[in-house]
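J.: This is the structure, below, for whatever I ask next.
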């Protein structure tokens, strides 16, 4: 990470207390006070330049968002991105439902009390490809259990990556800690760019190159798990009412047999 101009960057961040939180541990249990409402809070761990979280904040004013990263320079870029988006779309550079936080995921439980968050976004995290570095991956079971501590009864984790090896590792991690998964995709934009989803800077670049994006959602909180199970049960019940699914392989075999019999008769 380039550190040139770090002093000026820090001063710029300190002048934005309405948007930038440099000591998030002081806000533990008080984030609703910061936002001035009781709306749900969604956080992106590792926000990069801030496009994803800034766009979400503009699209969903009824949700509070937090973008977290470890580097001052990224916080500065994120603040510029957020204010630009809000000025262009809302006519004001004030961003009431977004906080940009300098922090490390390792200390997430020091920044948020149990149940304070409703959703965690993990977008294109470092894959740490070497096996000896597995515990650094943000979908390692030790991190997943940490996320569970701070998520509410409606808590969810949304994960995206361009790394197949990290995605495979993550599928096993979510399974190991018994987190239910849904909407698993091995190529999110297979049929064209998903404009119903907000893309990160990396994602936009990768999709432009035709690279597959892997994604999953995990339902963690008790309430959202119950809702998920109900939806699955309803879907199974609906399928049962419609009757058994058509066995296309058997139908093809029957068609082949019919053709053979017809030929024999001739």
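Residue numbers (our numbering): 32 to 297.
We treat Cβ as the ideally placed atom computed from N, Cα and C, and that holds for glycine.
(1) Which of helix, strand or coil does DSSP assign to residue 45?
(2) Give the secondary structure of residue 102 by DSSP, where H, G and I count as helix, E and B as strand, and everything else as coil.
(3) Answer yes if the segment 144 to 157 comes into contact with the segment 115 to 123, meaning at least three C-beta pairs across the two stretches below 8 Å, and no otherwise.
(4) Expressed to the nearest angstrom, what Euclidean distance is found between the alpha-carbon atoms of residue 40 and residue 112?
(5) Let me know if residue 34 comes out buried or exposed under the rule of 16 or more other beta-carbons within 10 Å of its beta-carbon.
(6) Residue 85 to residue 63, Cα distance in whole Å?
(7) Quick one, which of 263, 245 and 101 has its alpha-carbon nearest residue 138's?
(8) Between the segment 248 to 262 and the segment 205 to 214, do at least 3 Cβ pairs fall closer than 8 Å?
(9) Evaluate contact between the segment 46 to 55 and the segment 69 to 84, counting only Cβ atoms and requiring at least three cross-stretch pairs below 8 Å.
(10) I'd like the list of long-range same chain contacts for residue 203, defined as Cβ closer than 7 Å, with 5 residues on each side in sequence excluded.
(11) DSSP three-state label for residue 59, please.
(12) Closest to residue 184 by C-alpha separation, out of 259, 208 and 229, would be which residue?
(13) Can you list, in chain order, the residues of its chain whose CB lies under 8 Å from that of residue 187, leaving out five sequence neighbours each side?
(14) Would residue 69 be called buried (16 or more neighbouring beta carbons within 10 Å of its own) or exposed?
(15) Determine the DSSP secondary structure at residue 200, reduced to helix, strand or coil.
(16) From this set, 199, 140, 241 and 81, which residue's C-alpha is nearest residue 168's C-alpha?
(17) What three-state label does DSSP hand residue 142 in the structure shown?
(18) Which term fits residue 123, buried or exposed, when burial requires 16 or more other beta carbons within 10 angstroms of its beta carbon?
(19) With the cut-off set at 9 Å, would you say residue 158 and residue 197 are in Cβ contact?
(20) Could you tell me which uninterrupted beta strand (DSSP E) segments, each at least 3 residues in length, are contained entirely in the segment 198 to 262, listed from first to last along the chain?
(21) Quick check: the Cα distance between residue 99 and residue 219, rounded to an integer number of angstroms?
T.: Reading it off the structure:
(1) helix
(2) Correct three-state label for residue 102: coil.
(3) With the cut-off at 8 Å, the segment 115 to 123 and the segment 144 to 157 do not touch.
(4) 15 Å
(5) Unreliable positioning characterises residue 34 in this predicted model, as indicated by a pLDDT of 42, which lies under 50. A coordinate reading is not provided.
(6) 19 Å
(7) 101
(8) yes
(9) no
(10) none
(11) coil
(12) 259
(13) 149, 150, 151, 248, 249, 250, 251, 252 and 255
(14) exposed
(15) helix
(16) 199
(17) helix
(18) exposed
(19) Closer than 9 Å, so yes.
(20) Positions of the beta strand (DSSP E) runs, each at least 3 residues long and wholly inside the segment 198 to 262, are given as 211 to 216 and 245 to 250 in order along the chain.
(21) Those two C-alpha atoms are separated by around 24 Å.
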